[in-house]
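So the protein lines, in turn, are chains L and U. Per our numbering, residue 53 is the first one in the first sequence, and the count goes up by one each step. Per our numbering, residue 7 is the first one in the second sequence, and the count goes up by one each step. Backbone N, C-alpha and C define an ideal beta-carbon position, used for all residues, glycine too. The structure displayed is predicted, hence computed values, not measured ones.
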Amino acid sequence: MSMNDLIPAIKKVLEEVDVVLGWTRSPAAGVAVPARFHTPDEADGAIFDSTCIHNLAVHLPRLKNSKVGIVAKGCDARSIVQLIVEGEVSRDRIRVIGVPCPGVIDVKRAWRCYGFGKKIEDAGGRVHMEGRSVPREEILLHKCHQCRDQEPVIVDLAAGDVTSMTPPPPPDKSGIRERFAAMSITERREFWREQFSRCIRCYACREACPLCFCRDVCSMQTREPHWTGGQVNAIESEMAQQVRISHMAGRCTGCEECERACPVGIPLMLLLEEQNKIIEELFAYRAGASLEDKPPLLTYDINRDGGWR
Amino acid sequence: MPKTEVKIIGFLCNWCSYAGADMAGTARMKQPASLRAVRLPCTGRVNPLLVLKAFREGADGVLVSGCHPGDCHYNEGNYYARRRLEVLERMLPALGIDPARFRYTWVSASEGAKWADVVNEFTQQVKQVI
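As structure tokens, this is what we get:
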């Protein structure tokens, strides 16, 4: 996609909103960083490429009092829809600029493997990093492998053809997901103990999550109710994460921002993906798939519920 | 080697299961002393975190019991509970907790005998996996 579609779209939307959330290029690292555009001049710096991994919907609940434009990939659009469904964001205050997304690169992983701060270039089906190159499929974010949201659910203005994107490549079969699936329950208990012993309780998972909108009354930190203490140890941290995961039931759109934000690399998506799968099996519900859906745990269906067992 | 004594936390609704458990007690039905009952207004009050916290604090098993669907004192509390508890039950293996240590069930105020059966059965089941 060229910026020829995106920049005019942002300028057009800026005529009716206060601010547009998008990306610009970081001069230091060469990858995309989130940016806010207030004027048409600022919008000239807007970009969209496969390093635009961030889910910008996280900023919407904090900008409740302004009209906001937002550049959104298909998956980001689902978070926006879910925020509207939950009543956190009002539809008439936002304008969504849909962009065609070819799948985004796991920048953190790329840098970990090939050197921090290396310039990343995505061209011709391969990702180039200062002389070295790998096939795109090997370095995509995990969610892109199973992408079912290439066409954004809500779009006010499309920058480019959002419906004509390449199908996602097959998922990686040798990763942590397969190892986790093969573990026994006891092994999983040990696995999580070990993982959460590294948690430093920075709450980045919560801050990066678009659907964690409770802010100051977050049960991971409140004294009343006192679900979990503030001590940094595996047991308290595991409980804190269980609080978050249970609150994500029927909300999580699987954007992977929590896992990406985690500074110690705890594979939180193992739990959230499992929960999303359960919710979809039980209630045929995918968070953010439609503006008309009711969150499954805020309703019930006398005729269908209970036939599960 | 199975444990001989287990601790089970029971979250019981005030209107049905608590009364049912009371009935089982007054009728002197034989049941293990493994269950510690917590009386709640309704199963709709059961936050799945109560269950997870009970496990974290060392419970061997957790039993949630309320009115039969359709009989809720508050009309719809257990309909909501049923959805939440089903999601929780299916999540337990991923969290590293044996789902055999958890059960949700419906016992009415008149079902003292059923209550004794539920407690007996569930205690046996928990003993198997602890």
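- Counted as a single uninterrupted DSSP element, the alpha helix (DSSP H) harbouring U/Leu91 occupies residues 83–101.
- Looking at the backbone, the Cα of L/Ala84 and that of U/Asp66 are separated by about 49 angstroms.
- The beta carbon of U/Pro38 is closer than 6 angstroms to those of Thr129 in its chain, skipping five residues each way along the sequence.
- Three or more Cβ pairs drawn from the region 290–309 of chain L and the region 240–252 of chain L lie within less than 8 angstroms of each other, which places the two stretches in contact.
- Residues are counted here when their Cβ sits less than 9 angstroms from a Cβ of chain L; for the region 53–66 of chain U these are Asn53, Pro54, Leu55, Leu58, Lys59, Arg62, given in chain order.
- Pairing U/Cys19 with U/Cys48 gives a Cβ-Cβ distance under 7 angstroms.
- Taking each of L/Glu173, L/Ile330, L/Ile287, L/Val148 in turn and checking the Cα distance to L/Ala129, the smallest one comes out for L/Val148.
- Within chain L, no residue has its CB atom less than 8 angstroms from the CB of U/Met35, the nearest being about 26 angstroms off.
- Residue environment analysis places U/Ala25 among the buried positions, since at least 16 neighbouring C-beta atoms fall within 10 angstroms of its C-beta.
- The CB of U/Pro47 never comes closer than 9 angstroms to any CB in chain L; the least such distance is about 16 angstroms.
- Separation of L/Pro277 and L/Leu66 (C-alpha to C-alpha, rounded to the nearest whole angstrom) is 43 angstroms.
- Assigned with DSSP and collapsed to three states, L/Pro86 falls in strand.
- In the three-state DSSP reduction, L/Pro319 falls in the coil class, being neither helix nor strand.
- Closer than 7 angstroms to the CB of U/Ala87 there is not a single CB belonging to chain L.
- The way I'd put it, the region 304–319 of chain L doesn't touch the region 77–84 of chain U; fewer than three beta-carbon pairs between them come closer than 8 angstroms.
- Beta-bridge annotation (DSSP): L/Asp174 is paired with L/Val179.
- Taking a beta-carbon distance threshold of 7 angstroms, U/Val132 does not count as an interface residue toward chain L.
- The CB of L/Ser298 comes closer than 9 angstroms to the CB of Asn53, Pro54, Leu55, Leu58, Arg90, Val93, Leu94, Met97 in chain U, given here in chain order.
- With its beta carbon at least 7 angstroms from every one in chain U, L/Tyr255 lies outside the interface.
- Annotated as distal: L/Glu309 and L/Ala339, with beta-carbon spacing of 7 angstroms or more.
- For L/Ile132, the enclosing alpha helix (DSSP H) begins and ends at 126–137.
- Under the 10 Å beta carbon count, L/Ile136 is surrounded by 16 or more other beta carbons and is classified as buried.
- By DSSP's assignment, U/Leu41 forms a beta bridge with U/Ile14.
- As DSSP reads the structure, L/Pro347 sits in no beta bridge.
- For the pair L/Phe335 and L/Pro347, the CB atoms are not nearer than the 7 angstroms cut-off.
- In this structure L/Gln283 is exposed. Its beta-carbon is surrounded by fewer than 16 other beta-carbon atoms within 10 angstroms.
- When C-alpha distances from U/Gly31 are compared across U/Ala115, U/Glu11, U/Ile15, U/Ile136, the shortest belongs to U/Ala115.
- Under the Cβ criterion of 7 angstroms, U/Asp77 is not counted among the residues facing chain L.
- A straight line joining the alpha-carbon of L/Ile157 with that of L/Ala256 spans about 20 angstroms.
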